[in-house]
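Chemist: I'd like to ask you about the structure that follows.
Chains as they are written, first to last, in our numbering: chain A, 219 to 600; chain B, 41 to 171.
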């Protein structure tokens with residue numbers, strides 16, 4: 219069965235004091251339903267994660283919905299791309315018809331993020347890794363960056379270019395948290411936190427939420443906005459703790475994207491706009507390679523000459539990404555929101571400089587944990 | 041500020057940490073198919089068998105990758121310190137710290153050997169130092 223995204227929205231973003239994660243998820247949900255031209259009465263599927271231990275219960279109760287289907291799959295930043303896939307399956311199986319995918323986090327205002335992360339009991343991390351004091355997740359991404367630089371001769375400047383391009387996109391986005399110009403030099407002189415990553419190689423810590431409404435394409439065509447079709451999806455999970463990743467540079471994104479491209483009957487060269495979770499600058503380089511947009515070791519050259527920046531031939535993270543737009547903990551929902559807006563041409567009239575002209579195919583790739591979980595979603599106008 | 045966390049030492053981890061306390065780095069070995077695995081589990085990932093033993097590693101390996109932490113969250117591990125993924129000669133990988141050298145001298149693929157340092161409460165950490 220063909221399914222589509224009928225509406226998208228963010229909650230208030232940035233510093234949003236006196237709101238809970240659920241407040242923000244609910245605000246985004248109501249806005250996304252309004253975008254779609256639907257109401258809470260029509261929602262019968264809830265997909266959410268990270269609000270609390272029982273996230274779906276929490277959101278259903280707050281919204282006053284009695285869903286016939288819920289999914290609280292939590293896989294870090296990849297969760298919401300997985301939710302799209304799971305919602306497509308549930309809608310296809312007739313288990314729900316209007317799926318609300320929502321997220322919110324008050325991590326900035328509540329100061330809930332710790333450098334060392336949290337240790338969940340009963341995990342391999344708790345038994346074999348926590349005493350060695352890695353920063354979680356930062357040290358893992360740092361070790362991927364270190365190996366990447368070692369194998370391919372990439373430099374800190376190459377990584378910094380990713381942060382600079384993100385800032386250039388954010389400069390055009392009124393909702394972005396960081397909009398002032400950023401130079402490679404400023405990234406390189408920001409303090410190293412976990413080498414080789416500097417402070418400005420890391421995503422933001424903000425509050426915020428987002429929501430996506432999915433339904434059958436046939437039904438979506440009767441609604442307020444132009445539907446954006448879910449053409450393909452794939453997911454892979456490889457590890458949980460840091461040292462158990464099968465390969466530091468060849469990730470589960472190889473399989474997740476292969477499945478998504480096969481389902482969509484498309485190839486990487488067919489993609490017009492890419493939303494790739496940039497928790498750290500290194501994610502973009504290894505992501506481009508594992509998703510098949512360039513070969514291993516080539517991403518550092520692929521991104522040169524402004525290719526991923528505004529005006530470049532490979533528009534990436536066109537709202538400013540987790541590096542400069544917002545990052546309320548699990549960014550995956552925001553990849554979907556921006557891809558839908560680009561495919562609908564939402565910016566064409568008011569902010570034409572941000573609009574990727576003629577964009578028909580978008581790829582969203584979420585990464586969770588320490589490159590542990592991967593989920594790819596391919597969206598299109600067809 | 042907090043101290044670095046103690047490992048959970050129940051279940052399959054108990055034998056590993058008892059080994060470390062006796063200055064032995066133990067890895068799990070499948071008597072049926074000769075596969076090594078880290079961390080210890082109830083079955084062999086290669087053949088599914090259950091004839092598993094904890095045997096002493098050579099304690100030698102190479103650094104798969106590492107990071108120098110400059111902003112440490114624990115006051116009993118002063119920054120800068122090195123966190124690394126070490127590939128042991130048996131082919132398995134584990135997380136540890138690199139000690140006994142300047143953090144600036146650590147490189148990927150560098151040869152290392154195990155060394156043991158007491159933490160607290162009877163826990164001894166298997167750490168690595170340039171070989």
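Ideal Cβ positions, reconstructed from N, Cα and C, are used throughout, including at glycine. Nothing here was measured: the structure is a model prediction, and the numbers come from that model.
Go to residue 452(A), then tell me how far its beta strand (DSSP E) extends in each direction, as first and last residue.
Modeler: 446 to 455
Chemist: With DSSP as the reference, label residue 495(A) as helix, strand or coil.
Modeler: coil
Chemist: Which value, in whole angstroms, describes the spacing of the CA atoms of residue 62(B) and residue 157(B)?
Modeler: 11 Å
Chemist: Between residue 333(A) and chain B, is any beta-carbon pair separated by less than 7 Å?
Modeler: yes
Chemist: Compare the C-alpha of residue 443(A) against each of 262(A), 265(A), 356(A) and 599(A) and name the closest.
Modeler: 599(A)
Chemist: On the DSSP bridge list, what partners appear for residue 409(A)?
Modeler: Bridge partners of residue 409(A): none, in fact.
Chemist: Taking the Cβ atom as the reference point for each residue, do residue 357(A) and residue 107(B) lie within a distance shorter than 7 Å?
Modeler: yes
Chemist: Could you compute how far the alpha carbon of residue 476(A) sits from the alpha carbon of residue 129(B)?
Modeler: 33 Å
Chemist: Taking a Cβ distance cut-off of 7 Å, strictly less, list which residues of the region 342 to 356 of chain A are near chain B, in chain order.
Modeler: 342, 344, 345, 346, 347, 348, 349, 350, 351, 352 and 353
Chemist: Out of 473(A), 404(A) and 559(A), point me to the one whose CA is closest to residue 416(A)'s CA.
Modeler: 404(A)
Chemist: When we look at the beta-carbon of residue 352(A) and count the other beta-carbons within 10 Å, is it buried (16 or more) or exposed?
Modeler: buried
Chemist: According to a CB-to-CB cut-off of less than 8 Å, which residues of the region 450 to 475 of chain A neighbour chain B?
Modeler: 459, 460, 461, 462 and 466
Chemist: Check whether the Cβ of residue 114(B) lies closer than 7 Å to any Cβ atom in chain A.
Modeler: yes
Chemist: Quick one: which chain A residues come within Cβ less than 9 Å of residue 165(B)?
Modeler: 349 and 350
Chemist: Out of 447(A), 320(A), 462(A) and 506(A), which one is the CA nearest neighbour of residue 221(A)?
Modeler: 447(A)
Chemist: From residue 505(A) to residue 273(A), what does the alpha carbon distance come to, in whole angstroms?
Modeler: 29 Å
Chemist: Just the chain A side, please: which residues come within less than 7 Å of residue 107(B) by C-beta, in chain order?
Modeler: Within 7 Å Cβ-Cβ: 357, 360, 361, 364, 412 and 413.
Chemist: Roughly how many whole angstroms lie between the Cα atoms of residue 258(A) and residue 434(A)?
Modeler: 17 Å
Chemist: Kindly list the residues whose CB is nearer than 7 Å to the CB of residue 460(A), restricted to its own chain and excluding five residues on each side of it in sequence; keep chain order.
Modeler: Within the same chain, and ignoring the five residues on either side of residue 460(A) in sequence, the residues whose Cβ sits closer than 7 Å to its Cβ are 347, 352, 358 and 588.
Chemist: So for residue 59(B), helix, strand or coil by DSSP?
Modeler: helix
Chemist: Does DSSP put residue 165(B) in a helix, a strand or coil?
Modeler: strand
Chemist: What is the rounded straight-line gap between the Cα of residue 316(A) and the Cα of residue 480(A)?
Modeler: Looking at the two C-alpha atoms, the distance is approximately 26 Å.
Chemist: Using only alpha-carbon positions, find the residue among 297(A), 541(A), 578(A) and 466(A) that is nearest to residue 124(B).
Modeler: Check the Cα spacing between residue 124(B) and each of 297(A), 541(A), 578(A) and 466(A): the tightest is with 466(A).
Chemist: Residue 409(A) versus chain B: which residues are under 8 Å apart at the beta carbon?
Modeler: 110 and 111
Chemist: Decide if the region 230 to 243 of chain A is in contact with the region 413 to 430 of chain A; the criterion is three or more beta carbon pairs, one per stretch, under 8 Å apart.
Modeler: yes
Chemist: Could you spell out the range, first to last residue, of the alpha helix (DSSP H) harbouring residue 542(A)?
Modeler: Run containing residue 542(A): 539 to 542, per the alpha helix (DSSP H) assignment.
Chemist: Using a Cβ-Cβ cutoff of 9 Å, what residues of the region 285 to 306 of chain A are near chain B? List them in chain order.
Modeler: none
Chemist: Taking the straight line between their C-alpha atoms, what separation do you get for residue 378(A) and residue 354(A)?
Modeler: 21 Å
Chemist: Report the rounded CA-to-CA distance for residue 250(A) versus residue 559(A), giving the unit in angstroms.
Modeler: 12 Å
Chemist: Could you round the C-beta distance between residue 148(B) and residue 451(A) to whole angstroms and report it? I think they count as a contact, below 8 Å.
Modeler: So it is not a contact: roughly 35 Å between Cβ atoms.
Chemist: Rank 321(A), 270(A), 309(A) and 291(A) by C-alpha distance to the C-alpha of residue 245(A) and give the top, closest one.
Modeler: 321(A)
Chemist: For the beta strand (DSSP E) that residue 137(B) lies in, which residues bound it at each end?
Modeler: Per DSSP, residue 137(B) belongs to the beta strand (DSSP E) from 133 to 138.
Chemist: Which residues, in order along the region 364 to 389 of chain A, keep a beta-carbon less than 7 Å from a beta-carbon of chain B?
Modeler: Flagged, chain order: 364, 365 and 368.
Chemist: One question on the structure: do residue 370(A) and residue 510(A) come within less than 7 Å of each other, judged by their Cβ atoms?
Modeler: no
Chemist: Do residue 131(B) and residue 76(B) have their CB atoms nearer than 7 Å?
Modeler: yes
Chemist: I'd like the span of the alpha helix (DSSP H) that includes residue 554(A), first residue to last.
Modeler: 550 to 562
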